[in-house]
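Each remark here refers to the structure printed beneath this line.
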Amino acid sequence: MSFINYSAREINCKIVYYGPGLCGKTTNLNIVYKKTRPESKGKMISLATETERTLFFDFLPLSLGDIKGFKTRFHLYTVPGQIFYDASRKLILKGVDGIVFVADSQVERMDANMESLDNMKLNLEEHGYTLDKLPYVIQFNKRDLDDVVPVDEMRTVLNPGGVPQFEASAASGEGVFETLKAVVKLVLAELKKGA
Amino acid sequence: MSQASLVMFEEESVEITEIITRLVKEANAKSAYLVDKDGQLISSAGETQDIDSTSLASLTAGNIAATGGLAKLIGEQEFSILFHEGEKDNIHISIVGHRVILVIIFDERSSLGLVRLRVRKAGEELGKTIQKILARMDSADSKENLLEEITDDDIEGLFS
Ligand SMILES: Nc1nc2c(ncn2[C@@H]2O[C@H](COP(=O)(O)OP(=O)(O)O)[C@@H](O)[C@H]2O)c(=O)[nH]1
Ligand SMILES: [Mg+2]
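First to last, the sequence lines map onto chains L and H.
For what it's worth, the numbering used here labels the leading residue of the first sequence as 1, then goes sequentially.
For what it's worth, the numbering used here labels the leading residue of the second sequence as 1, then goes sequentially.
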């Protein structure tokens, strides 16, 4: 849930990167962190296992300039992708203002993508949210690999609703900011609408 | 969207900051933070300059969320107080009015007993203030128009 603080003159919003294990959620945040000016970002926190698998969440606070004299601040979170971390995933969705679903374009990960998308819808519903009503974009990641599913097919399967979708190779940074910008815009537009 | 924004006005912020500033003093604590359950920092007081408050807010909310999950697992509603003891500094975390989280950092100049006592009193006051904010947000006529005035150009301008 966004937090508008008149005293600090800040608008704070929460964006969650969701998707199956190893699809590149943490990589997205790492790239955003690396390519953002020091004054615009806070500390990145990764609660990860010793093998760098996300255990609870990654967190990156980001400032994106002013609107009407208010600083806009976005808190980016990733969820752990492994199936058995479902309890943690659910917790992180609480109060979400916008969602990026990161899909893994590799042929053998399509089942995992679908499973994760279903799981996300369920977890949102348990919080009383519906995906259709949330600012939501989808990223087809790992386009640089050889054995990837054609974009058309990915759209049919994962994005029948036609939300903004982006091809990315997060590891090299491609598509990362396009995705982030799109969800930020939707979140702000939603705030405006809800006002 | 089902969830409205949490909106805090200047005078409400002042009221909250006054309460936690007094709490820091009366509890002999180093600092106090009020954090929303979603991880946003609402206010802080005391010696806060050495601690990254944004990280603190996010981790505290994560901590409360995780222990809340544990509580449900064993059939409790929530654990309303958490205490972490360090070698020098300690953290006392409590839930105020089911809605926000009060974090106190203190060292040997204070004690858990004193912090508990003062937190209970301040918690009641904070609870009332939070209730007031929520009630004000519920009343339709007080909807502020800051967000309505945002234009598409404003949004576009963030990325130029
Ligand atoms: N080839 C390729 N590898 C990627 C890409 N994005 C992420 N990876 C790799 O995929 C693995 C898992 O990424 P990670 O961000 O930890 O996944 P998470 O589980 O979704 O957080 C890492 O080894 C990344 O380097 C990409 O666009 N292309
Ligand atoms: Mg990860």
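From the three backbone atoms N, C-alpha and C, an ideal C-beta is built for every residue, glycine too.
These figures come from a predicted structure and were not determined experimentally.
Review point. By DSSP, does residue 27(L) sit in helix, in strand, or in coil?
Key: helix
Point to revise | Proximity below 8 Å, CB of residue 103(H) to CB of residue 32(H) | key: yes
**Study point:** Straight-line gap, residue 115(H) to residue 127(H) (C-alpha atoms, nearest Å)
**Key:** Taking the straight line from one Cα to the other gives about 17 Å.
Point to revise | Contact set between the segment 92-126 of chain H and chain L, restricted to residues whose Cβ is under 9 Å from the partner | key: none
Exercise for review: Run the CB neighbour count on residue 50(H), radius 10 Å, all protein chains shown included, and call it buried at 16 or more, exposed below.
Suggested key: exposed
Check your understanding: When the Cα atoms are used, what is the spatial distance from residue 98(L) to residue 164(L)?
Key -> 13 Å
Exercise for review: Would you please verify whether the beta carbon of residue 131(H) is less than 8 Å from any beta carbon of chain L?
Suggested key: The beta carbon of residue 131(H) does not come within 8 Å of any beta carbon belonging to chain L, so the residue lies off that interface.
**Study point:** Residue interval of the alpha helix (DSSP H) (run including residue 151(L))
**Key:** 151-158
Check your understanding: Expressed to the nearest angstrom, what Euclidean distance is found between the alpha-carbon atoms of residue 8(H) and residue 189(L)?
Key -> 20 Å
Exercise for review: Can you grab the Cα-Cα spacing for the pair residue 92(H) / residue 92(L), in whole Å?
Suggested key: 22 Å
Check your understanding: When burial is assigned at 16 or more other CB atoms within 10 Å of the CB, is residue 49(L) buried or exposed?
Key -> exposed
Review point. Three-state secondary structure (DSSP) at residue 48(L)?
Key: Here residue 48(L) sits in strand by DSSP.
Check your understanding: Is it right to say residue 70(L) is buried, meaning 16 or more other beta carbons lie within 10 angstroms of its own, or is it exposed?
Key -> By the neighbour-count rule (16 or more Cβ atoms within 10 Å), residue 70(L) is buried.
Practice item. Verify the CB distance criterion: does residue 5(H) have a CB-CB separation below 8 Å to chain L? Key: yes
Review point. In terms of alpha-carbon separation, which member of 111(H), 75(H), 63(H) and 85(H) lies closest to residue 37(H)?
Key: 63(H)
Review point. Using a C-beta to C-beta distance shorter than 7 Å, which residues of chain L count as neighbours of residue 62(H)?
Key: 56 and 57
Check your understanding: Given that a residue counts as buried once 16 or more other Cβ atoms are within 10 Å of its Cβ, and exposed if not, what is residue 11(L)?
Key -> buried
Check your understanding: Quick one: is residue 101(L) buried, meaning 16 or more other Cβ sit within 10 Å of its Cβ, or exposed?
Key -> buried
Exercise for review: Below 8 Å CB to CB, which residues in the same chain sit around residue 135(L) once its five sequence neighbours on both sides are set aside?
Suggested key: Closer than 8 Å at Cβ, skipping near neighbours: 97, 98, 99, 183, 186, 187, 189 and 190.
**Study point:** Closest residue to residue 122(H) among 61(H), 101(H) and 108(H) (Cα-Cα distance)
**Key:** 101(H)
Point to revise | Closest Cα partner of residue 113(L) within the set 81(L), 170(L), 171(L) and 161(L) | key: 81(L)
Check your understanding: Would residue 61(L) count as contacting chain H if we go by Cβ distances under 8 Å?
Key -> Residue 61(L) has a beta carbon lying within less than 8 Å of a beta carbon in chain H.
Review point. Residue 150(H): which of 66(L), 27(L) and 35(L) sits nearest, CA to CA?
Key: Measuring from the Cα of residue 150(H), the nearest candidate turns out to be 66(L).
Check your understanding: Taking the Cβ atom as the reference point for each residue, do residue 154(L) and residue 105(L) lie within a distance shorter than 8 Å?
Key -> yes
Check your understanding: So, is residue 35(H) buried or exposed, given that buried needs 16 or more other C-beta atoms within 10 angstroms?
Key -> Looking at its Cβ environment, which holds 16 or more other Cβ atoms inside 10 Å, residue 35(H) is buried.
Point to revise | Unbroken stretches of the beta strand (DSSP E), 3 residues or longer, contained in the segment 25-111 of chain H | key: 31-36, 41-46, 81-85, 90-96 and 100-106
Practice item. Determine the extent of the alpha helix (DSSP H) in which residue 7(L) is found, giving its start and end residues. Key: Counting along the chain, residue 7(L) sits inside no alpha helix (DSSP H), nor does DSSP assign it H or E at all.
Point to revise | Coil, strand or helix - residue 40(L) by DSSP | key: helix
**Study point:** Complete alpha helix (DSSP H) runs within the segment 88-162 of chain L (minimum length 4 residues, chain order)
**Key:** 110-126 and 151-158
**Study point:** Classification of residue 138(H) by the beta-carbon crowding that lies within 10 angstroms, buried from 16 upward
**Key:** exposed
Check your understanding: Taking residue 54(L) as the reference, which of 14(L), 4(L), 62(L) and 22(L) has the closest Cα?
Key -> For residue 54(L), the closest alpha carbon among the candidates 14(L), 4(L), 62(L) and 22(L) is that of 22(L).
**Study point:** Exposure of residue 176(L), with buried meaning 16 or more beta-carbon neighbours within 10 Å
**Key:** buried
Review point. Using CA coordinates, which residue listed in 30(L), 116(L), 110(L) and 40(L) is at the minimum distance from residue 77(L)?
Key: 30(L)
Review point. Under 7 Å from any heavy atom of ligand 2, does the C-beta of residue 58(L) make it?
Key: yes
Point to revise | Bridge-paired residues (DSSP) for residue 167(L) | key: 140(L)
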